[in-house]
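**Q** Sharing a structure, written as structure tokens. Questions coming.
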Amino acid sequence: MTQGWLIIERIDNWHIDSANNFSFFGLKSRYRKLAAGVKEKDLIFCYVSSGLSSFADIRVVQEAGLKPLKDQSYWDAFPLFFSTAPVLVMPREKWVPLKEIGPSLDLTKGRTDYRPLFQTSIRKLTPHDTAFLESRIRNAL
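In our numbering, each number is its position in the sequence shown, counted from 1, plus 31.
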């Protein structure tokens, strides 16, 4: 089964990703160790915070391994990246709100306050959450 990852970004960063055809995801250096586990063909589920609290798209990892972002003037805050490609990008009105699916995810099950879980840029997902998110996002269309 394909490994799933949750990425969290603000709406302004999501718009930048969209303008770049979701071709990469930038990370801060402190996530280097966790993101080293990201492999080619892993699925990336994007959660947009900024008060939207919704899942917006699915991406696939193009190449394993973190790389330094060469154009530091473009994104000083995120010196590392891994390459991705869009699998499914939903229009804003179809985004899947966390409040609708939170109780069904291993990540959030049994919690009432999800905010602390969605303050880290990247998280490894369980097989259940990977399959559930992929199904739920695809069905939203």
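Note that the Cβ used here is the ideal one computed from N, Cα and C, for glycine as well.
Determine the burial state of D73: buried for a count of at least 16 other Cβ atoms within 10 Å of its Cβ, exposed for fewer.
**A** buried
**Q** How would you label E131, buried or exposed, when you count the other beta carbons within 10 angstroms and need 16 or more for buried?
**A** With fewer than 16 other Cβ atoms within 10 Å, it is exposed.
**Q** Which one of E40, L97, F163 has the shortest CA to CA distance from P110?
**A** L97
**Q** Nearest by alpha-carbon distance to E94: which of F56, L119, S85, L129 is it?
**A** F56
**Q** Within a Cβ cutoff of 6 angstroms, which residues of the same chain sit near E124, ignoring the five residues on either side of it in sequence?
**A** No residues qualify anywhere along the chain.
**Q** How would you call T143, buried or exposed, if buried means at least 16 neighbouring beta carbons within 10 angstroms?
**A** exposed
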